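*Asks:* My questions all concern the structure below.
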Amino acid sequence: MFRKTVLITGASSGLGAEMARQLAARGHDLALCARRTDRLESLEAEVAAAHPDRRVEVRALDVTDDEAVFEVFRAFRADFGTIDRVVVNAGIGKGAPLGTGRYDANKATAVTNFVGALAQVEAAMEIFRAQGEGHLVVVSSMSAMRGMPRSMTTYAATKAGVAMLAEGLRAELYGKPIKVSVIYPGYIVSEMNEGVEQATPMMVGTEKGVRAMVDAIERERASACVPALPWEPMKHLMKHAPLPLFRRLI
Ligand SMILES: NC(=O)c1ccc[n+]([C@@H]2O[C@H](COP(=O)([O-])OP(=O)(O)OC[C@H]3O[C@@H](n4cnc5c(N)ncnc54)[C@H](OP(=O)(O)O)[C@@H]3O)[C@@H](O)[C@H]2O)c1
């Protein structure tokens, strides 16, 4: 099924911005939001120049502002008439080892990545239930496969949490016209991981990584580790490797 209008949160940089470019190239209209509206406006101009037939609307949104999440999603629906797909993508990669005095960073990660995602899922589902159809896409992470040490602990927990929200909905909606996908990206170049590129041989470029994400989204895969290589096989290793081996892997 072709989902014409796609709402993407966290569209001002990285994976969200590149998903917008690639989905526009595939014929989708776009509802884009994030806090940095200057970035959204440049992206809107870029997409309009490359694909003049596409419609793009942008709005400022901080996903930690619950009320704003509902207002902005409803406003986008009013703009387009229908929202066919929502990509819950906004996220931060802050975080510090637990008990090292950085509760502020871990809480910010939990509030943005989990509570913010919960608000987005609620707002999206309100629209999809009213329409009787839609496609919810949640951007999780390969780090959701197993509890992660050090600065990744809270981040990984939030990403496991959002995946479980989506899986619960999928079980509830089984056989109904509202579909749910969970995308588990591996390392893909973005602002979030600037600086770690050299240290991580499994990192792929933004365009390549996002192409794998967009392919999985367009096929409405229930869940997809992307890019499939190495991450589909890595999923099993991450889940089942004995702890001494797992600690050497990450
Ligand atoms: N890159 C990877 O390797 C990787 C791997 C696994 C999962 N992911 C996930 O992919 C998603 C996108 O991340 P990215 O890698 O593309 O990082 P990024 O370049 O830092 O982009 C993050 C996006 O989230 C938005 N955002 C952050 N906090 C927000 C808030 N409070 N309200 C609204 N928007 C907010 C940012 O926009 P503003 O700052 O303008 O608001 C930005 O557009 C995240 O959920 C991340 O956890 C990434």
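Counting from 137, one number per residue, gives the positions in the sequence shown under my numbering. Every residue, glycine too, gets a C-beta built ideally from N, C-alpha and C. As the structure is a prediction and not an experimental result, all values here were calculated from the model.
1) Starting from Arg286, trace the beta strand (DSSP E) both ways and give me its first and last residue.
2) Output the distance between the C-alpha atoms of Ser389 and Ser178, rounded to the nearest integer angstrom.
3) DSSP three-state call for Gly270: helix, strand or coil?
4) Based on the DSSP secondary-structure assignment, which residues constitute the bridge partners of Met359?
5) So Ala348 is in the alpha helix (DSSP H); what residue range does that whole segment cover?
6) Mind checking who Val222 pairs with in its DSSP beta bridge?
7) May I ask you to report which of helix, strand or coil DSSP gives Val393?
8) Give me the Cα-Cα distance between Ala293 and Arg282, rounded to the nearest whole angstrom.
9) According to DSSP, Glu193 sits in a beta bridge with which residue or residues?
10) Pairing CB atoms from the stretch 251–263 with CB atoms from the stretch 317–331, are three or more of them under 8 Å?
11) Applying the criterion that 16 or more other CB atoms from any shown protein chain within 10 Å of the CB defines a buried residue, is Thr336 buried or exposed?
12) Rounded C-beta distance between Gly270 and Ile219? I'm assuming under 8 Å.
13) From the DSSP secondary-structure annotation, give me the bridge partner or partners of Ile324.
14) Starting from the Cα of Ser359, find the closest Cα among Met349, Gly229 and Phe212 and give me that residue.
15) Quick check on the DSSP output: the alpha helix (DSSP H) that includes Asp174 runs from which residue to which?
16) Under 9 Å, do Leu305 and Arg221 count as touching if we go by C-beta distance?
17) Below 8 Å, can you find three or more Cβ-Cβ pairs linking the stretch 231–245 to the stretch 165–181?
18) Can at least three beta-carbon pairs, one atom from the stretch 356–371 and one from the stretch 181–188, be found at a separation below 8 Å?
19) With a threshold of 8 Å (Cβ to nearest heavy atom), would Leu254 be considered close to ligand 1?
20) Determine the direct distance from the alpha carbon of Trp367 to that of Met338, and round the result to whole angstroms.
21) Cβ of Lys295 within 8 Å of any heavy atom in ligand 1?
22) Between which two residues does the alpha helix (DSSP H) harbouring Arg398 extend?
*Replies:* So, to answer that:
1) Position 150 of the sequence shown, counting from 1, holds the residue named residue 286. No beta strand (DSSP E) contains Arg286, which DSSP labels as neither H nor E.
2) The shown model of the chain, from 137 to 386, leaves out residue 389, and the question about it has no answer.
3) As a working mapping, residue 270 is identified with position 134 in the sequence shown. The answer is strand: DSSP assigns Gly270 an E or B state.
4) For the purposes of this step, residue 359 is taken as residue 223 along the sequence shown, with counting starting at 1. Before going further, note that residue 359 is Ser rather than Met in the sequence given. Ser359 pairs with Val318.
5) Residue 348 sits at position 212 when you count from the first residue of the sequence shown. First-last of the alpha helix (DSSP H) with Ala348: Thr342 to Glu354.
6) One-based indexing of the sequence shown puts residue 222 at position 86. Beta-bridge pairing links Val222 to Leu143 and Leu272.
7) No statement about residue 393 is possible, as the shown extent of the chain runs from 137 to 386 and does not include it.
8) In the sequence shown, residue 293 corresponds to position 157, counting from 1. In the sequence shown, residue 282 corresponds to position 146, counting from 1. Near 9 Å, if we compare the C-alpha coordinates of Arg282 and Ala293.
9) Reading the sequence shown from its first residue, position 57 is the one you call residue 193. Answer is Ala167.
10) The stretch 251–263 is not in contact with the stretch 317–331.
11) Within the sequence shown, the letter at position 200 stands for residue 336. That one is exposed.
12) Reading the sequence shown from its first residue, position 134 is the one you call residue 270. Reading the sequence shown from its first residue, position 83 is the one you call residue 219. That belief holds up - the Cβ atoms of Gly270 and Ile219 are roughly 7 Å apart, short of 8 Å.
13) Within the sequence shown, numbered from 1, the residue matching residue 324 stands at position 188. Secondary-structure assignment with DSSP links Ile324 through a beta bridge to Val340.
14) Indexing the sequence shown from 1 puts residue 359 at position 223. Of Met349, Gly229 and Phe212, the residue nearest in Cα terms is Met349.
15) Along the sequence shown, read from residue 1 onward, the residue named residue 174 stands at position 38. Note, Asp174: alpha helix (DSSP H), Thr173 to Ala186.
16) Locating residue 305 in the sequence shown gives position 169, counting from the first residue. Locating residue 221 in the sequence shown gives position 85, counting from the first residue. In this structure, Arg221 does not lie closer than 9 Å to Leu305 by Cβ.
17) Taking 8 Å as the limit for Cβ pairs, the verdict is that the stretch 165–181 does not touch the stretch 231–245.
18) Result no; under three Cβ-Cβ pairs closer than 8 Å.
19) Within the sequence shown, numbered from 1, the residue matching residue 254 stands at position 118. No, since every heavy atom of ligand 1 falls outside the 8 Å radius drawn around the Cβ of Leu254.
20) To locate residue 338, count along the sequence shown from 1; it is residue 202. To locate residue 367, count along the sequence shown from 1; it is residue 231. Met338 and Trp367 have their C-alpha atoms roughly 9 Å apart.
21) Counted from its first residue, the sequence shown places residue 295 at position 159. Lys295: yes, Cβ under 8 Å from ligand 1.
22) The question about residue 398 has no answer here: the residues shown for the chain are numbered 137 through 386.
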